[in-house]
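Heads up: the structure comes next, in structure tokens.
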Amino acid sequence: MAGLSLKYIRKSYGDVRAVENVSLDFTDGGLTALLGPSGCGKTTLLRMIAGLEDPSAGSISLGGRDITRLPAHKRKFGMVFQSFALFPHLNVSDNVSYALTIAGTPRGQAAARARELLDLVQLSAFAERRIGELSGGQRQRVAIARALAQEPDVFLLDEPMSALDAKLREDMQVELRQLQQRLGITTIVVTHDQHEAMTMADSIVVMSQGRVEQMGTPQAIYHHPENAFVADFIGKANFFDGVTEGGNVRIGQHLLQVTPPANFIDGSPVRMAVRPEKAMLAGADDGNRLPAKVTFVRDVGPVQDIHLDTPIGRMIVSDSESGQPLRVGDALQVTLPADAIHVFPRLSDQAAA
Amino acid sequence: MTAVDSPKANLSAETPPTRRPWGTWALALVIGFLCVTPFILVIVISFGQKIDGAGWAWDFTFANYQRFFIGALWPEEVTLLHLQRLYYALYYAVIASVLAVLTAFPFTYLLTRQSRRAQSIWLVFILASLSLSEVFIVMGWDVLLSNRSGLPMLFEVSGATDWLKETGWFEVLREWGLANPRNVKFKTSEFATVLTMSYLVWPYAVILLYPALSRLDPSLTEAARTMGAGPARVMSSVILPTVKLPLIGAVLLLFVFLLGSYVTVVVFAEPAKQTTAVAVYESVRGSTLDAPFGAAQAVILLVTAAAFLALAQYLTKRSEIR
Numbered sequence: 004m005a006g007l008s009l010k011y012i013r014k015s016y017g018d019v020r021a022v023e024n025v026s027l028d029f030t031d032g033g034l035t036a037l038l039g040p041s042g043c044g045k046t047t048l049l050r051m052i053a054g055l056e057d058p059s060a061g062s063i064s065l066g067g068r069d070i071t072r073l074p075a076h077k078r079k080f081g082m083v084f085q086s087f088a089l090f091p092h093l094n095v096s097d098n099v100s101y102a103l104t105i106a107g108t109p110r111g112q113a114a115a116r117a118r119e120l121l122d123l124v125q126l127s128a129f130a131e132r133r134i135g136e137l138s139g140g141q142r143q144r145v146a147i148a149r150a151l152a153q154e155p156d157v158f159l160l161d162e163p164m165s166a167l168d169a170k171l172r173e174d175m176q177v178e179l180r181q182l183q184q185r186l187g188i189t190t191i192v193v194t195h196d197q198h199e200a201m202t203m204a205d206s207i208v209v210m211s212q213g214r215v216e217q218m219g220t221p222q223a224i225y226h227h228p229e230n231a232f233v234a235d236f237i238g239k240a241n242f243f244d245g246v247t248e249g250g251n252v253r254i255g256q257h258l259l260q261v262t263p264p265a266n267f268i269d270g271s272p273v274r275m276a277v278r279p280e281k282a283m284l285a286g287a288d289d290g291n292r293l294p295a296k297v298t299f300v301r302d303v304g305p306v307q308d309i310h311l312d313t314p315i316g317r318m319i320v321s322d323s324e325s326g327q328p329l330r331v332g333d334a335l336q337v338t339l340p341a342d343a344i345h346v347f348p349r350l351s352d353q354a355a356a
Numbered sequence: 097m098t099a100v101d102s103p104k105a106n107l108s109a110e111t112p113p114t115r116r117p118w119g120t121w122a123l124a125l126v127i128g129f130l131c132v133t134p135f136i137l138v139i140v141i142s143f144g145q146k147i148d149g150a151g152w153a154w155d156f157t158f159a160n161y162q163r164f165f166i167g168a169l170w171p172e173e174v175t176l177l178h179l180q181r182l183y184y185a186l187y188y189a190v191i192a193s194v195l196a197v198l199t200a201f202p203f204t205y206l207l208t209r210q211s212r213r214a215q216s217i218w219l220v221f222i223l224a225s226l227s228l229s230e231v232f233i234v235m236g237w238d239v240l241l242s243n244r245s246g247l248p249m250l251f252e253v254s255g256a257t258d259w260l261k262e263t264g265w266f267e268v269l270r271e272w273g274l275a276n277p278r279n280v281k282f283k284t285s286e287f288a289t290v291l292t293m294s295y296l297v298w299p300y301a302v303i304l305l306y307p308a309l310s311r312l313d314p315s316l317t318e319a320a321r322t323m324g325a326g327p328a329r330v331m332s333s334v335i336l337p338t339v340k341l342p343l344i345g346a347v348l349l350l351f352v353f354l355l356g357s358y359v360t361v362v363v364f365a366e367p368a369k370q371t372t373a374v375a376v377y378e379s380v381r382g383s384t385l386d387a388p389f390g391a392a393q394a395v396i397l398l399v400t401a402a403a404f405l406a407l408a409q410y411l412t413k414r415s416e417i418r
């Protein structure tokens, strides 16, 4: 079956544009994460896919069939809500078999399917429990089992981990991903946590201010951000403002080599990004060497974050290898490899870093 | 832990006694006296004896209760008149409270889906309407339903009465007691009584249902929708079960409230279908001047109301456990 596809989706609330011109094709059987800061329109987009909100413009299709105006109860996309939205008046088993009961499945058959699903999320022993007697992690599993009961074409999760504590969250990310891979169901997860997106997703859609900034695999998005927002939002990055000069970037006195050369007309204002773990303290010869002074050292166990003052501006370098004891005030050389520099156009509304 | 065990209690025992406890005791006594005395007095009087042509005397007789349940002439004759009045009190109150909650429910549900601003405007309006006294409301409905003006006249002038006569519905209305040979009539009728009663408590119904409905998590209904439940199914399988107990609680409270309505019944109910509350007043203040019997009826009404309130309490407790 052909997949889920959005074309020019727009949603406005009065003067506020929540989602603007989003066109996306979701990979069949893959897990796509909608990632962005709060208020970027990702949840609104998910709700439009579920049929809980009507788009102001654009179309949604599933398997080539236009479902833009199809109400939620006819789409039957399984959805896990941020609050889990479990029915307090039903026990665990009845919650899971709710969709089947609605569809008129015989009681015995529905109960058997509920047992099967509770087995899948390892909650068989809790079938008769009340919702109030479950922990946060258990509730989430029930919500997942319940959404899967109707064997939906598309599985939607709205910030599924936000109600869980940090430790449980990481376990559930792995578990949810394994479950999704086993079932091979097209899944869309809304999250503001890039870690979560990187852990679970086949592809990530980075959103900001209602627009899609970039869509790609976690690796592509991390290593080849298409714009400054993505570079900033995914992982950490040091930003420097400069102008292009022969495919390289000039910042004050320093001309930084970039490979492949930046494709800009000379003199274009650009913003340059370098990941903290790509900059090196140990003296590699190739690349751009800059004198630097240590202003702060943050030792977080496996890595050290070293804050530096350099002629082109402040930067943070993550150092996991050298292990050299650094103190505030130490002078050293920092190397920015030419292939680790990302160059983006500098928009007029971006303030200098 | 008893009070004696607590270090604080020991400490206060060592300090010289102040005059304050006496004041507190006196105040408690006064409040207790004011609250409890009328009740005790009514209960005690209900066992008293009426003296013909005079007042009444202290006594301890069950004659008043016997008169209520089986009549004064028992065993020669059994009269169920007073039980019948209690029945009508229950009958009007049940129908009116259920009607009020049934109509207030969709209104309140839609109200909680409005903007905050719209909600507060509506709530202020509804709260304000509570300041209208029963007498005032009954007066309004009295005008609206009376035979010489109001709705019956509107029926006649607009030709609706003739239309009813032509279609045969007029005969049905006559059977229901809602028409005289010439025109429709609403006074006196069970219909008018129940209608006015439910109008009376309708704002209370909204205010009682509002907290439960506004706390209802909208994602519950959305979850049901994503699982294939249409609007009617969402209502029956999610919203109603979730607010079932507040609904029952609201009906019970309004029911108890309506058990004692007086003005509405006096104005709108047929003479043969008056309630215990009216009978109490007639016994105590009316022509018979039989305070002990009035008190006995009041006690029975009180016990009935208390029984239903206890039921409401029990249901609320159960909903809290969930």
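Protein sequence lines, in the order shown, are assigned to chains A and B. Take 4 as the starting number for the first sequence in our numbering and just add one per residue. Take 97 as the starting number for the second sequence in our numbering and just add one per residue. Even for Gly, the Cβ is constructed at its ideal location relative to N, Cα and C.
Buried/exposed call for residue i, threshold 16 Cβ in 10 Å
i: B/V395; result: buried
i: A/L27; result: buried
i: B/K104; result: Its pLDDT being 45, under 50, B/K104 is placed unreliably by the model, and nothing is read from it.
i: A/K14; result: buried
i: B/G151; result: exposed
i: A/C43; result: buried
i: B/S108; result: The predicted position of B/S108 is uncertain, since its pLDDT is 46 and thus under 50; a value taken from the coordinates is nonetheless stated next. Per the 10 Å Cβ criterion, exposed.
i: B/T157; result: exposed
i: A/H227; result: exposed
i: A/G107; result: exposed
i: A/D342; result: exposed
i: B/D101; result: Bear in mind that a pLDDT of 43 at B/D101, under 50, signals an unreliable position, so the number given afterwards is only what the model happens to contain. B/D101 should be labelled exposed.
i: A/T313; result: buried
i: A/L121; result: buried
i: B/H178; result: buried
i: A/I268; result: exposed
Start and end residues, alpha helix (DSSP H) containing residue i
i: A/H76; result: 75-78
i: A/D174; result: 169-186
i: A/K10; result: No alpha helix (DSSP H) holds A/K10; the beta strand (DSSP E) holding it covers 7-16.
i: B/A94; result: What the structure shows of chain B is the stretch from 97 to 418, and residue 94 of chain B is not part of that stretch, so it cannot be assessed.
Contacts that residue i makes with chain A (C-beta to C-beta distance below 7 Å)
i: B/L316; result: A88, F90
i: B/A212; result: Note on identity: in this sequence residue 212 of chain B is Arg, with Ala being the wrong assignment. Under the 7 Å cutoff, chain A gives no residues; its nearest Cβ is about 15 Å from B/R212.
i: B/P337; result: H92
Partner residues on chain A for residue i, Cβ-Cβ distance less than 8 Å
i: B/M428; result: No information on residue 428 of chain B is available, as it lies outside the stretch 97 to 418 that chain B covers here.
Limits of the unbroken beta strand (DSSP E) element including residue i
i: A/D161; result: 157-161
i: A/A334; result: 334-339
i: A/D308; result: 307-313
i: A/S360; result: Chain A is shown from 4 up to 356; residue 360 of chain A falls before or after that span and cannot be answered.
i: A/G82; result: Here the sequence assigns Met to residue 82 of chain A, which means Gly is not the residue at that position. Its beta strand (DSSP E) spans residues 81-83.
i: A/V192; result: 189-194
i: A/F243; result: 241-248
i: A/L258; result: 257-259
i: A/H345; result: 344-348
i: A/K2; result: The displayed coordinates of chain A run from 4 to 356. Any statement about residue 2 of chain A would go beyond what the structure contains.
Chain B contact residues for residue i, given Cβ-Cβ distances below 8 Å
i: A/F84; result: S315, E318, A319
i: A/A231; result: Chain B residues near A/A231: none, gap ~35 Å exceeds 8 Å.
Interface residues of chain A facing residue i [CB-CB closer than 9 Å]
i: B/G255; result: Correct list: empty, because the minimum Cβ distance to chain A is about 44 Å.
i: B/G128; result: Those within 9 Å of B/G128 in chain A number zero; the least Cβ separation is about 40 Å.
i: B/G345; result: Within 9 Å Cβ-Cβ: nothing; B/G345 doesn't reach chain A, min ~16 Å.
i: B/R311; result: Simply none; closest approach about 11 Å.
Chain-ordered neighbours of residue i on chain B, where CB pairs are closer than 9 Å
i: A/A53; result: E318, R321, T322
Is it the case that the stretch 373-387 of chain B contacts the stretch 191-200 of chain B, given that we only count it when at least three CB pairs across the two stretches are under 8 Å? No, they do not touch.
Do the stretch 207-217 of chain A and the stretch 36-45 of chain A meet, that is, are 3 or more Cβ pairs less than 8 Å apart? Taking 8 Å as the limit for Cβ pairs, the verdict is that the stretch 36-45 of chain A does touch the stretch 207-217 of chain A.
Does the structure place the stretch 58-75 of chain A close enough to the stretch 6-20 of chain A that three or more beta carbon pairs sit under 8 Å? The stretch 6-20 of chain A, when compared against the stretch 58-75 of chain A, does touch it at the 8 Å Cβ threshold.
Does the contact criterion of 3 or more C-beta pairs under 8 Å hold for the stretch 270-290 of chain B versus the stretch 325-338 of chain B? Because the criterion of three Cβ pairs below 8 Å is not met, the stretch 270-290 of chain B and the stretch 325-338 of chain B do not touch.
For the 8 Å Cβ check, are there 3 or more pairs between the stretch 174-194 of chain B and the stretch 289-300 of chain B? Output reads yes: the stretch 289-300 of chain B touches the stretch 174-194 of chain B.
Could you tell me which whole alpha helix (DSSP H) segments of length 4 or greater appear in the stretch 300-387 of chain B? DSSP runs (the alpha helix (DSSP H)) wholly in the stretch 300-387 of chain B: 314-322, 327-330, 340-355, 359-364, 372-380.
Between the stretch 323-339 of chain A and the stretch 209-224 of chain A, do three or more beta carbon pairs fall short of 8 Å? Contact fails: fewer than three Cβ-Cβ distances are below 8 Å.
Any contact between the stretch 74-84 of chain A and the stretch 46-57 of chain A? By contact I mean 3 or more CB pairs, one from each, below 8 Å. Touching, yes.
Should the stretch 294-306 of chain A be regarded as contacting the stretch 246-261 of chain A, the criterion being three or more beta carbon pairs within less than 8 Å? With a cut-off of 8 Å on Cβ pairs, the stretch 294-306 of chain A is not in contact with the stretch 246-261 of chain A, counting fewer than three such pairs.
Write down every uninterrupted run of the alpha helix (DSSP H) in the stretch 101-165 of chain A whose length is 4 residues or greater and which is fully enclosed by it, in chain order. Segments of the alpha helix (DSSP H) lying fully in the stretch 101-165 of chain A: 101-105, 110-123, 139-151.
Please give me, in chain order, every unbroken run of the beta strand (DSSP E) with length at least 3 that falls completely inside the stretch 171-222 of chain B. DSSP runs (the beta strand (DSSP E)) wholly in the stretch 171-222 of chain B: none.
Would you call the stretch 232-252 of chain A and the stretch 268-278 of chain A in contact, with 3 or more CB pairs under 8 Å? Yes, the stretch 232-252 of chain A is in contact with the stretch 268-278 of chain A.
Determine contact between the stretch 156-166 of chain A and the stretch 112-127 of chain A, defined as no fewer than three beta-carbon pairs at a distance below 8 Å. Counting Cβ pairs under 8 Å, fewer than three are found: no touch.
Taking contact to mean 3 or more Cβ pairs, one atom from each stretch, closer than 8 Å, check whether the stretch 178-189 of chain B and the stretch 354-369 of chain B are in contact. Verdict: yes, contact present.
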